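In my numbering, the protein residues as written are 331 to 656.
Since the structure comes first, as structure tokens, the remarks are kept for the end.
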């Protein structure tokens, strides 16, 4: 029989790519999403598959009692504009939602995967960031609903391991990009690419000297699967990210060159608590999972730009059709 797997946030950017891989492996997948930030179009190519099921549901409510052997918890807004739009909802999704998902795992003795984030390191005083670094997070700042929500979710995972013996796997994700990102989600790659393709100015917050490490989505999903299928003693947290480090200004200049855009670079104020540096130490992933990223930024950007170019063209076609019908 195929494995029965629940993916919360399964219609999101990362969740949909994960669902693709699990279906390709032959699993039966229950994709649970409230569609606040997830998009049905991310998984519509899977809807005809009899092993794929969509459940519209909020993880803050007790989860449907689906018998599964794995629970992958990816439910949460992930971009600063989206998670700051309703910070209480974001915090509850990460705390109450994680507890609900852990309870389902506990009842069915299912292996549990928690998608955590490099944001648990805050604006780091240690660079690059190893998993042993406990972070520098402002607990009362505008980003804390996400940063502290994810930190609390990690704490819950390890409490469920210690108290109930739930088999957990915790990954810390560093900036991931690729096809199916929401064009309007406000994260730096999607923001720069869509604005460049539309000829709009690209905003550099605080001169753009912040550094980020960008991991292509395919590499990330391979890392997810390597961790989830590792031996029970490997619980994490484990950094999964590409240690290549670029300034935000360098990213903007790459996007402009690769799109051939004439968009201008403009300076905007740096948001509160925006980290100045972000780069993963991936020694644990290399040694314990035999994982490391394969896709360089330039190659991943080619694929991402093509995706957004097609999406923007499709949006324009819809707009012209609607205008003609009026």
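Don't be surprised by glycine CBs; every beta carbon is placed ideally from N, CA and C.
Computed from a predicted model, the values in this text were never measured in an experiment.
How far does the beta strand (DSSP E) with residue 317 in it extend, from its first residue to its last? Outside the shown range of the chain, which is 331 to 656, sits residue 317, and nothing can be said about it.
Which one or two residues does DSSP pair with residue 466 in a beta bridge? For the purposes of this step, residue 466 is taken as the residue at position 136 of the chain shown. Answer is 452, bridged to residue 466.
Which same chain residues, not among the five before or five after residue 453, have their C-beta less than 7 Å away from its C-beta? For the purposes of this step, residue 453 is taken as residue 123 along the chain shown, with counting starting at 1. Hits under 7 Å: 466, 603, 605, 606.
Going by DSSP, what residues sit across from residue 336 in a beta bridge? Along the chain shown, read from residue 1 onward, the residue named residue 336 stands at position 6. Residue 336 is bridged to 360, 401.
Minimum C-alpha distance to residue 538 - residue among 560, 505, 580: For the purposes of this step, residue 538 is taken as residue 208 along the chain shown, with counting starting at 1. Comparing Cα positions, the closest option is 580.
Along the alpha helix (DSSP H) that carries residue 430, what are the first and last residues, could you check? As a working note, residue 430 is residue 100 in the chain shown. Looking at the DSSP string, the run of the alpha helix (DSSP H) that includes residue 430 is 417-438.
State the Cα-Cα distance for the pair residue 391 and residue 425, rounded to the nearest angstrom. The residue labelled residue 391 in the question sits at position 61 within the chain shown. The residue labelled residue 425 in the question sits at position 95 within the chain shown. For residue 391 and residue 425, the distance between alpha carbons rounds to 12 Å.
Given 8 Å as the limit, is there contact between the segment 434-444 and the segment 392-408, that is, 3 or more CB pairs closer than that? yes
With distances taken Cα to Cα, identify the nearest neighbour of residue 543 among 531, 529, 507. The count along the chain shown starts at 1 and reaches residue 543 at position 213. Among 531, 529, 507, the Cα nearest to that of residue 543 is on 507.
For the putative contact between residue 523 and residue 625, defined by C-beta atoms under 8 Å, what is the C-beta separation to the nearest angstrom? Numbered from its first residue, the chain shown carries residue 523 at position 193. Numbered from its first residue, the chain shown carries residue 625 at position 295. 16 Å between Cβ atoms; not a contact.
Option in 612, 611, 576 with minimal Cα separation from residue 628: Translated into the one-based positions of the chain shown, residue 628 becomes position 298. It is 576.
Keeping to the same chain, check which residues put their C-beta closer than 6 Å to that of residue 630; ignore five residues upstream and five downstream. One-based indexing of the chain shown puts residue 630 at position 300. Cβ neighbours of residue 630 beyond the five flanking positions: 546.
Does the segment 512-526 touch the segment 554-566, meaning 3 or more C-beta pairs lie closer than 8 Å? no
Considering residue 488, what are the terminal residues of the alpha helix (DSSP H) in which it resides? As a working note, residue 488 is residue 158 in the chain shown. Segment 474-494, the alpha helix (DSSP H) holding residue 488.
Minimum length 3: unbroken beta strand (DSSP E) runs contained in the segment 504-588: 532-535, 568-570
How would you call residue 447, buried or exposed, if buried means at least 16 neighbouring beta carbons within 10 angstroms? As a working note, residue 447 is residue 117 in the chain shown. Result: buried.
For residue 610, which beta-bridge partners are listed by DSSP? The count along the chain shown starts at 1 and reaches residue 610 at position 280. For residue 610, which the question treats as bridged, DSSP gives the partners 459.
Could you check which residue in 348, 333, 383 has the C-alpha nearest to that of residue 556? In the chain shown, residue 556 corresponds to position 226, counting from 1. Measuring from the Cα of residue 556, the nearest candidate turns out to be 348.
Based on Cα-Cα distance, which residue from 387, 455, 611 lies nearest to residue 501? Position 171 of the chain shown, counted from the start, is the residue given in the question as residue 501. Nearest of 387, 455, 611 to residue 501, Cα basis: 611.
Residue range of the beta strand (DSSP E) that includes residue 624: Locating residue 624 in the chain shown gives position 294, where the first residue counts as 1. Where residue 624 is concerned, there is no enclosing beta strand (DSSP E), given that its DSSP letter is neither H nor E.
Local Cβ density within 10 Å of residue 469, reported as buried at 16 or more and exposed below that: Walking along the chain shown from the start, residue 469 turns up at place 139. Classification of residue 469: exposed, given that the 10 Å Cβ count is below 16.
Assigned exposure category for residue 344 - 16 Cβ within 10 Å defines buried: Numbered from 1 along the chain shown, position 14 holds the residue referred to as residue 344. Buried, because 16 or more other Cβ atoms sit within 10 Å of the Cβ of residue 344.
As a quick exercise: from 355, 333, 521, 518, pick the residue whose alpha carbon is nearest that of residue 398. Position 68 of the chain shown, counting from 1, holds the residue named residue 398. Out of 355, 333, 521, 518, 333 has the C-alpha closest to the C-alpha of residue 398.
Based on the DSSP secondary-structure assignment, which residues constitute the bridge partners of residue 366? On the chain shown, position 36 is the one that residue 366 refers to. According to DSSP, residue 366 bridges with nothing at all.
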